[in-house]
Amino acid sequence: MDGYLLLEDGSVYKGKIVGAADRTRGEVVFNTGMTGYQEIMTDPSYRGQIVVMTYPLIGNYGINSEDVESYQPHVQGFVAREFCREPQNWRCEQTVDTYLREKGITGLVGVDTRALTRHLRRQGVMKGIITAEEPAATRAAAWQWPPRDLVREVAVPQPQYFTGKGQHVVLVDCGVKENILRSLCKRGCAVTVVPP
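Those letters in the sequence shown? Residues 2 to 197, per my numbering, in order.
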């Protein structure tokens with residue numbers, strides 16, 4: 002199904018809707034990494050954002066249950082030039098499209114992500130909407146969003162404890178990545194994760 006990324010400055014980028022077919026909105030940002038797309042989708046620092054990947058082919062090695070930065074994806078939307086339909090990796094458990102659909106995340110493929118990234122770099126980060134509606138059908142009210150406390154959305158609600166024999170580290174969770182916790186525990190630290 003055809004879809005559009007609408008930017009608040011009036012720019013429109015056409016593509017094909019993938020993943021969940023729901024309309025979504027968020028702050029549009031870009032990432033220039035060639036790999037790590039799964040870590041990006043599950044990174045709490047991307048909460049509420051539509052992430053544009055500049056590398057032209059995303060999904061070569063698929064999705065697996067180990068390469069995550071949190072227990073759930075945090076991106077609001079995901080934009081790529083192209084998704085790999087048949088990933089080639091022994092750890093692959095599913096495709097990016099299947100993962101997005103299962104997690105309820107709307108994506109858009111077929112977009113010139115490098116042109117979009119240049120536009121964002123020149124104009125700055127801005128609000129965006131991924132939708133299957135024709136751009137003219139988007140009402141001005143669609144750009145009025147209530148404020149969100151994104152840190153509270155990603156932080157632990159109660160303290161969590163990880164045992165270790167080394168230094169005791171208190172980590173204030175403002176969107177901590179699992180890899181930071183894994184690294185501290187691997188080094189023998191006792192870690193207490195607390196909400197902000």
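Glycine included, each C-beta is placed from N, C-alpha and C at the ideal position.
Exposed unless 16 or more other CB atoms sit within 10 angstroms - verdict on residue i
| i | result |
| --- | --- |
| residue 2 | exposed |
| residue 71 | buried |
| residue 58 | exposed |
| residue 60 | buried |
| residue 39 | buried |
| residue 35 | exposed |
| residue 125 | exposed |
Presumed contact (8 Å Cβ cut-off) between residue i and residue j, rounded CB distance
| i | j | result |
| --- | --- | --- |
| residue 45 | residue 178 | 7 Å |
| residue 132 | residue 53 | Not a contact, Cβ separation roughly 16 Å. |
| residue 160 | residue 195 | 5 Å |
Extent of the continuous alpha helix (DSSP H) run through residue i
| i | result |
| --- | --- |
| residue 124 | 114-124 |
| residue 99 | 97-104 |
Start-to-end residues for the beta strand (DSSP E) that takes in residue i
| i | result |
| --- | --- |
| residue 54 | 50-54 |
| residue 5 | 3-8 |
| residue 26 | 25-32 |
| residue 38 | Unbroken run through residue 38 is the alpha helix (DSSP H), 38-42; no beta strand (DSSP E). |
| residue 80 | 78-81 |
8 Å CB neighbourhood of residue i in its chain, flanking five on each side removed
| i | result |
| --- | --- |
| residue 170 | 185, 190, 191, 192, 193 |
| residue 18 | 2, 3, 4, 107, 108, 109, 131, 133 |
| residue 9 | 127, 128, 129, 144 |
Beta-carbon contacts of residue i that lie in its chain and below 7 Å, excluding the five residues immediately before and after
| i | result |
| --- | --- |
| residue 152 | 175, 176, 197 |
| residue 49 | 27, 28, 77, 149, 151 |
| residue 139 | 7, 130, 132 |
Own chain residues within Cβ distance below 6 Å of residue i, not counting five before or after
| i | result |
| --- | --- |
| residue 136 | 5, 7, 13 |
Fill in: Within the region 151-190, ranges of the alpha helix (DSSP H) (whole runs, at least 4 residues)
151-155, 179-187
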